[in-house]
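In the working numbering, the protein residues as written are 840 to 999.
Shown next, in the form of structure tokens:
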């Protein structure tokens, strides 16, 4: 498999966004299960038992422990890095809203579609609509990415 230092190992060159990528291009999804073991970690769930204790969550009216919004944002960021590589970390702007709770054991998939593209100097700027949804198609997180990549970047060059 081709790779280079601009994109994560294991990503496919045909998925990399370049200056030739058209509006309407759909990013390849990332799928994760909302694992209660991760939800209860200090990093994600902190000390709020709503994030890891089913009994406590039920007492507060929840159907199950809820995942923190940051976890869905991390899944979306992983998808973006897979497509935009290192340029995701150099001036990109991502904005997400948590619109519904993600419950323990839901399967979450990320999605993104390029909705706008414009040339500016030696860069190509993209706007990408982003969202994460569960296996029933219910949106949990929605957002937008604004990102610029070098105009002269081509898939075949990036693969070197």
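For every residue, glycine included, the Cβ atom is placed at its ideal position computed from N, Cα and C.
| Item | Value |
| --- | --- |
| N-terminal and C-terminal residue of the alpha helix (DSSP H) that residue 893 is part of | 893-898 |
| Cβ-based burial, residue 859 [other Cβ within 10 Å; buried from 16] | exposed |
| Test item: CB-CB of residue 971 and residue 949 under 8 Å | yes |
| Status (buried if at least 16 other CB within 10 Å, exposed otherwise) for residue 945 | buried |
| Presumed contact (8 Å Cβ cut-off) between residue 987 and residue 963, rounded CB distance | 7 Å |
| Distance CB(residue 912)-CB(residue 980) smaller than 8 Å | yes |
| Buried versus exposed call for residue 894 [16 or more other C-beta atoms within 10 Å across all chains shown] | exposed |
| Exposure of residue 853, with buried meaning 16 or more beta-carbon neighbours within 10 Å | exposed |
| Which listed residue (975, 958 and 977) has its alpha carbon closest to that of residue 991 | 958 |
| Proximal residues to residue 968 (C-beta, below 7 Å), its chain only, five neighbours per side dropped | 951, 952, 954 and 983 |
| Host alpha helix (DSSP H) of residue 981 (start-end) | It is not in any alpha helix (DSSP H) - residue 981 instead sits in the beta strand (DSSP E) that spans 978-989. |
| First and last residue of the uninterrupted beta strand (DSSP E) at residue 868 | From DSSP, residue 868 is part of no beta strand (DSSP E); its letter is neither H nor E. |
| Exposure label - residue 907; buried when at least 16 CB within 10 Å | buried |
| Per DSSP, cross-strand counterpart(s) of residue 965 | 956 and 986 |
| Close-in-space but distant-in-sequence residues of the same chain around residue 856 (CB under 6 Å, 5 per side omitted) | 922 and 923 |
| Whole-angstrom C-beta distance between residue 943 and residue 875, which should lie under 8 Å | 4 Å |
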